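Heads up, the thing below is written out as structure tokens.
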Amino acid sequence: DTGVSQDPRHKITKRGQNVTFRCDPISEHNRLYWYRQTLGQGPEFLTYFQNEAQLEKSRLLSDRFSAERPKGSFSTLEIQRTEQGDSAMYLCASRTLAGGKGQFFGPGTRLTVL
Amino acid sequence: DAKTTQPTSMDCAEGRAANLPCNHSTISGNEYVYWYRQIHSQGPQYIIHGLKNNETNEMASLIITEDRKSSTLILPHATLRDTAVYYCIVLNTGNQFYFGTGTSLTVIP
Chain A
1 DTGVSQDPRH
11 KITKRGQNVT
21 FRCDPISEHN
31 RLYWYRQTLG
41 QGPEFLTYFQ
51 NEAQLEKSRL
61 LSDRFSAERP
71 KGSFSTLEIQ
81 RTEQGDSAMY
91 LCASRTLAGG
101 KGQFFGPGTR
111 LTVL
Chain B
1001 DAKTTQPTSM
1011 DCAEGRAANL
1021 PCNHSTISGN
1031 EYVYWYRQIH
1041 SQGPQYIIHG
1051 LKNNETNEMA
1061 SLIITEDRKS
1071 STLILPHATL
1081 RDTAVYYCIV
1091 LNTGNQFYFG
1101 TGTSLTVIP
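First to last, the protein sequences are chains A and B.
Following this note's numbering, the numbering of the first sequence begins with 1 at its first residue and continues without gaps.
Following this note's numbering, the numbering of the second sequence begins with 1001 at its first residue and continues without gaps.
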């Protein structure tokens, strides 16, 4: 399977704990995006990378959130000191610079903060 | 960023065409219209996109009005597996996707 993969698919944690999610994009895709989706809402943009450079961050990405893409391949999204309001689906997407068919999304990581 | 307006929900009989409308009255001349769908608990799936001309692929057809202020996604023969939330998105020059709440399409047997 050469699609976008995310790990883990589900994460349950207690408030105050740190969590880290991983995204492996389609191999030739230069751009990688992170979104957050809460129940009944569409995905909301968080940040995106072009190769290893983080080019834009949404104001939704508070100081407790950090994303990296150290070698321009996989990416990690870390949430420190989780809060119940962080409970959501975290989606990763990737695309080529040329765009074309837009972004290809992974299956997401569902985070539940107790 | 151009915003889109879609009906909250729609029903369609199985085997019939599903026509999903979208208004994007503030779209700029170089902004594309994309359609994605999301089946429960899965990531969004690309359907089709266009700029000015109507487009067709194996999944759907996209009809864009001449003034580009609205578009319609057409699923020619809806099946039960087409039940999903459909998002109409205008891709801005910053290449960010801004999803709204989409249209929840239910295909009825």
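A virtual CB, placed ideally from N, CA and C, is assigned to each residue, including glycine.
Since the model is a prediction, treat every value here as computed from it, not as a measurement.
Contacts that residue i makes with chain B (C-beta to C-beta distance below 8 Å)
i, result
"GLY106(A)", "GLY1043"
"LEU91(A)", "GLY1043, PRO1044"
Closer than 8 Å at the beta carbon, the chain A residues around residue i
i, result
"TYR1034(B)", "GLY102"
"GLY1100(B)", "GLY42"
"HIS1049(B)", "LYS101, GLY102"
Rounded Cβ spacing between residue i and residue j (contact assumed at less than 8 Å)
i, j, result
"GLN1006(B)", "THR1103(B)", "5 Å"
"LEU111(A)", "ASP86(A)", "6 Å"
"GLN54(A)", "THR47(A)", "6 Å"
"SER73(A)", "ARG31(A)", "Contact doesn't hold; Cβ gap of about 12 Å is too wide."
"TYR35(A)", "PHE45(A)", "6 Å"
"GLY1050(B)", "ILE1027(B)", "Not really, about 12 Å apart at Cβ, beyond 8 Å."
Interface residues of chain A facing residue i [CB-CB closer than 9 Å]
i, result
"GLN1006(B)", "Those do not exist, as GLN1006(B) stays about 10 Å from chain A at its closest Cβ, beyond 9 Å."
Under 7 Å by beta carbon: chain A residues contacting residue i
i, result
"TYR1087(B)", "GLY42"
* Below 8 Å, can you find three or more Cβ-Cβ pairs linking the segment 95-112 of chain A to the segment 1-8 of chain A? -> yes
* Between the segment 1082-1094 of chain B and the segment 1033-1047 of chain B, do three or more beta carbon pairs fall short of 8 Å? -> yes
* **Stretch pair the segment 1017-1024 of chain B + the segment 1066-1079 of chain B: three plus CB contacts closer than 8 Å** => yes
* Asked: If you measure beta-carbon to beta-carbon, which residues of the segment 39-69 of chain A are closer than 8 Å to chain B?
  -> GLY40, GLN41, GLY42, PRO43, GLU44, PHE45, TYR48, GLU56
* Would you say the segment 12-29 of chain A touches the segment 65-81 of chain A, given that touching needs at least three Cβ pairs under 8 Å? -> yes
* Asked: Pairing CB atoms from the segment 1008-1019 of chain B with CB atoms from the segment 56-75 of chain A, are three or more of them under 8 Å?
  -> no
* Ignoring anything shorter than 4 residues or poking outside the segment 1010-1091 of chain B, list the alpha helix (DSSP H) runs there in chain order. => none
* To do: Could you name each continuous beta strand (DSSP E) segment of 3 residues or more that falls completely within the segment 29-88 of chain A, going from the start of the chain to the end?
  => 31-37, 44-50, 53-57, 65-68, 75-79
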